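One structure below.
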Amino acid sequence: MSQEMQQPQPIYLKDYQVPAYLIEHTDLRFELAEEETLVRATLQVRRNPACTRTKAALELHGHESVELCRLSIDGEILSERDFSRDDELLCIPAVPSRFTLECVTRIHPQSNTALEGLYKSDGMFCTQCEAEGFRRITFYPDRPDVMSVFRTTVVAERARYPVLLSNGNPVESGDEDDGRHFVTWEDPFPKPAYLFALVAGDLAVLEDSYTTASGRSVKLQIFADSKDLDKLDHAMLSLKRAMQWDEQVYGREYDLDIYMIVAVDFFNMGAMENKGLNIFNTSCVLASPRTTTDAAFQRVEGVVAHEYFHNWSGNRVTCRDWFQLSLKEGFTVFRDSEFSADMNSRTVKRIEDVALLRTAQFAEDAGPMAHPVRPESFIEISNFYTLTVYEKGCEVVRMLHTLLGAELFRKGTDLYFERHDGQAVTTDDFVQAMADVSGRDLTQFKRWYSQAGTPRVEVSDSWDESTGQYRLTFRQSCPATPGQDKKLPFHMPIAYGLISASGDELDAGVLELTDSEQSFTFDGLAERPVPSLLRSFSAPVKLSYPYTDAQLMHLLRHDSDGFNRWDAGQRMTVGLMQSLMVDYRASRELAVPESLIDTWRGLLLDESLDPAMVAHLLRLPSEAYLAELADEIDVEAIHEVREFMVTTLARALQDEWSEAYRRCSDDQAYTADAAACARRSLKNLSLGYLLATGEEVWLALAEEQFNTADNMTDQQAALALVVHSGFRHAGERLLAEFQAQWQHEALVMNQWFSIQASDPWPGALERVQQLQEHPLFDARNPNKLRSVVAAFCAQNAVGFHSADGSGYAYLADWIIQLNKQNPQIASRLLTPLTRWRRYPEAAQGLMRGQLQRVLESGDLSRDVYEVVSKSLA
Ligand code: 0A1
Ligand code: ZN
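In this text, residue positions in the sequence shown follow the UniProt record's numbering: the first is 1, and each later residue adds one.
Written out as structure tokens, the structure is:
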């Protein structure tokens, strides 16, 4: 066989076929033991009447690691001649139209380092079945359009595993032999195998209850290691808020009698929405003021809500196939982001979401893994849990909301849930519901699902003084992406406002672009307005308009759209920093114009503004965002220019930073409310600028904050700022103190790792290599890998892109090691190397060389193979 033929092959959306067999009922019995686990699966199978392939074989997915012990049909044991099996599929050619299949398998959760299927996280058993983990447990049609009712019995030693959980409601429990016990669970809602879950361990639990709008009482339980029991209140509160919000905003009630969340330490992603039994990465559920920053508190709220919302958008109505992933993910991200906007500041939430989209998703769109929101093909589905499917998918749903308005959108979701409850459907079905309730033709709109890439919108305008006519002209285009050279125009909503010289809003609304070039005329204006375009970022595009600094300043002051006020400030600083980069490369002296300093002074001193908003306005664009905007990324120029800006603004406004710091410092004890978070964010931004002056007094202030803080936000901010400053000795001292204080708190120590790994000071790679030797570092734990390896490779551009290529070789070494151990994590960590085309030639060669080395290291997982081969193509 040639090398070529052995490589993993893509599967295509166009090849979708309905399943030939359906599973009406799935009965599982797990015998969990220290060496191995035995699984007996009893399936009630019947032919799918919708399938026209009359001779189709029964196809069961099964991972190569699963040992088949017994297989029978209606009690008749099958011999090896009765079926065929390869690494992925078990096929039984001749089966009746209705039968009982029994299958006994042996698996080894203890040695499962991929963290897919059934595995052990510390001392407990847990599962992760999305997308294709169930096939690592038993042989099964592991595809989302096969939905079955599950009954699950978990058997394990009572002493070690007193808590035994699965989906649905507990219906039976009791003792077995040898100190073992069992619990049987029944989930009445048909679900695909990817929503199956099981947990067994010695866990503490926080209990509460929620009464639904229709008066049903639901038991709420959050399980965690007993040492973390004091960190579950925030998740519980967030859960109850999410349940209520979904009733109020979407009319969706919870449907089982019990809702459980389990916190686990070893988890590849953030969390998982298994029916009635969510499994969470500890980082997305544990929170306490002493150990958790404000940002992490918000993340917990958002992720708890996200998983809860999946109960309707994902579980009750699920995906027909994995190409439709954004059906559940894009919609659910939209739901959780609106929830967070309602719970906190809408404008701040929008700023944060857009900043992520514009840096990371736009970069994905511009890289070799670019794909449409609904991909056309994939080699490994795990590689498509992306910013495009999630965040851009959310923006696509948001655009539907903008185009239809809140009321029709709600009618659309009502229709969608009613029409498809209990079904596995497509993004077309979702859009169809929106079209049906609104009477709108959304055919062109659907290009957002099928065309990849970030559209560009260029805007120009003209003004006719004599007629009072103002005209805006839009030209849209979209760059080529892998496999898609030519793009057709998108249907996009452009929210806008026209602002007078005195700051009044002359007009506002939503324009709908459908053509590649389109003009809109506004009559009867008394003066030429300043256009506020793409308000609230109404479409995920790169919009350009030749704004003058004076116009941006005007928007910054007067725009009624908070997001666009912030964006005007961003446009101004980005423009300045881009021109400073040109100066830097030409070895010209750098300077920040007085006008910018004055504007910042005004913002800093204006006590009427929301401090959170001021903090966002005065935070310089990140290195990652500046990199995304560059034609060719000059890591050094970006870093140096940003450092120069920080130092200059720090020194020029030292008194104002100090005043803002003082104003935002509370004497009272910590509270977690929005106003207190906002003050902390401006206070810590100010502290960062103060330290950047290089004056010792501010180091003393930072140390005092570090020592006296009663919350992690303030303590960690002080630590990170000192460590990343030029005060190297102080940084080391604080790191040591922090470690001594927090060594028993895994999540806090993850931050300790990540602050160091992202420190750009020279010698970063050596420091990171030392961190890996730390006794608390564990290469099998994804959170640790993210805190050290990903923090260095993805958040420390200067260190990672060191000219000798050592950062690239370091990452490649990790990928080669992790390829076998945990393919999902390996392929995620790879991302920075895949962006090689964006860098200067010398770096390109070095990066490509390392990708090549990974490719040639042999025996690649599908995950890593797909990313590496597409990056080199
Ligand atoms: N559906 C989950 C995300 C998730 C996806 C895959 C996983 O394992 C490979 C785990 C979690 C969510 O959207 O929250
Ligand atoms: Zn999700």
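For every residue, glycine included, the Cβ atom is placed at its ideal position computed from N, Cα and C. Note that the structure is predicted; figures quoted are calculated from it, not measured.
Less than 8 angstroms between the beta carbons of Tyr161 and Leu32, yes or no? In this structure, the beta-carbon distance from Tyr161 to Leu32 falls below 8 angstroms.
For this session: Take the Cβ of Ala495 as the centre, count every other Cβ of all protein chains shown within 10 Å, and call the residue buried at 16 or more, exposed below.
Result: buried
inquiry  = So for Ile77, helix, strand or coil by DSSP?
reply    = Residue state, collapsed to three classes: strand.
Exercise. Using alpha carbons as the reference points, say which of Thr514, Leu164, Gln850, Val530 lies closest to Ala501.
Key: Val530
- prompt: Taking the C-alpha atoms as reference points, what is the distance between Arg651 and Ser595?
  reply: Each residue's alpha carbon lies about 15 angstroms from the other.
Are there 16 or more other CB atoms within 10 angstroms of the CB of Arg588, so buried, or fewer, so exposed? exposed
Buried or exposed (CB count within 10 angstroms, at least 16 for buried), Asn274
buried
Exercise for the section: Give me whichever residues DSSP pairs with Pro532 in a beta bridge. Expected result: For clarity, residue 532 is Ser in the given sequence; the question names Pro instead. Answer by DSSP bridge pairing, in chain order: Gly497.
_Reduced DSSP secondary structure (H/G/I, E/B, other) of Leu525_ = coil
Q | Assigned exposure category for Pro593 - 16 Cβ within 10 Å defines buried | A | exposed
Can you tell me whether Lys219 is helix, strand or coil according to DSSP? strand
key: Among Thr693, Phe196, Leu829, the one whose alpha carbon lies nearest that of Val868   = Leu829
| Rounded straight-line distance, which links the Cα of Ser466 to that of Ile381 | 59 angstroms
Exercise for review: Just mark Leu177 as buried or exposed, buried being the case when its beta carbon has 16 or more other beta carbons within 10 Å.
Suggested key: First, the amino acid is wrong: residue 177 is Asp here, not Leu. Exposed: under 16 other Cβ atoms inside 10 Å.
Under the three-state reduction of DSSP, which class applies to Glu856: helix, strand or coil? helix
What does the Cβ neighbour count give for Val510, buried or exposed, with the cut at 16 atoms within 10 Å? exposed
Who pairs with Met272 in a beta bridge, going by DSSP? Beta-bridge pairing by DSSP links Met272 to Ile279.
Exercise. Please work out which residues of its chain come closer than 7 angstroms, Cβ to Cβ, to residue 874, disregarding the five sequence neighbours upstream and downstream, and give them in chain order.
Key: Because residue 874 is not part of the residues shown, which for the chain are 1 to 873, the question remains open.
Inset, instruction - Please report the residue range of the alpha helix (DSSP H) in which Ala242 lies. - result: That run of the alpha helix (DSSP H) goes 233 to 250.
| message | At a threshold of 7 angstroms, does Asn268 count as lining ligand 1 (C-beta to nearest heavy atom)? | response | Answer for Asn268: yes, Cβ within range of ligand 1.
Between which residues of its own chain and Asn711 is the CB-CB distance below 6 angstroms, once the five residues before and five after are set aside? Pro289, Tyr670
Ala720 to Ser283 span [Cα, whole Å]: 19 angstroms
Legend entry - Identity of the residue in Leu620, Cys126, Glu132 nearest Ala568 by Cα: Leu620
Original post:
At which residues does the alpha helix (DSSP H) containing Phe30 begin and terminate?
Top reply: No alpha helix (DSSP H) contains Phe30, which is instead part of the beta strand (DSSP E) from 21 to 32.
Item to complete: Note down the Cα distance separating Val262 from Arg733, rounded to an integer number of angstroms.
Response: Computed Cα separation, rounded: 36 angstroms.
If we count Cβ pairs, one from each stretch, closer than 8 angstroms, do we get three or more for the stretch 400 to 418 versus the stretch 430 to 439? yes
Verify whether the separation of the beta carbon atoms of Gly201 and Met124 is less than 8 angstroms.
yes
task = On a CA-only basis, which of Asp515, Ser345, Phe223 is nearest Leu286? Give me that one, please.
result = Checked all of Asp515, Ser345, Phe223; the closest Cα to Leu286 is Phe223.
Please find out if some non-hydrogen atom of ligand 1 comes closer than 7 angstroms to the beta-carbon of Met272. Result yes, Cβ under 7 angstroms from ligand 1.
- Item | Per-residue DSSP class, three states only, for Thr318 | strand
Report task. Output yes or no for whether 8 angstroms exceeds the beta carbon distance between Phe417 and Trp312. Result -> yes
Please report the distance separating the alpha-carbon of Ser758 from that of Glu505.
44 angstroms
According to DSSP, Ala181 sits in a beta bridge with which residue or residues? For clarity, residue 181 is His in the given sequence; the question names Ala instead. Beta-bridge pairing links His181 to Ala156, Asp175.
query = Would a C-beta distance cut-off of 8 angstroms place Pro49 and Pro141 closer than the cut-off?
reply = no
| Cβ of His554 within 7 angstroms of any heavy atom in ligand 2? | no
Practice prompt. Starting from Tyr16, follow the alpha helix (DSSP H) in both directions and report where the run begins and ends.
Written response: Premise fails: Tyr16 is in no alpha helix (DSSP H) and is neither H nor E.
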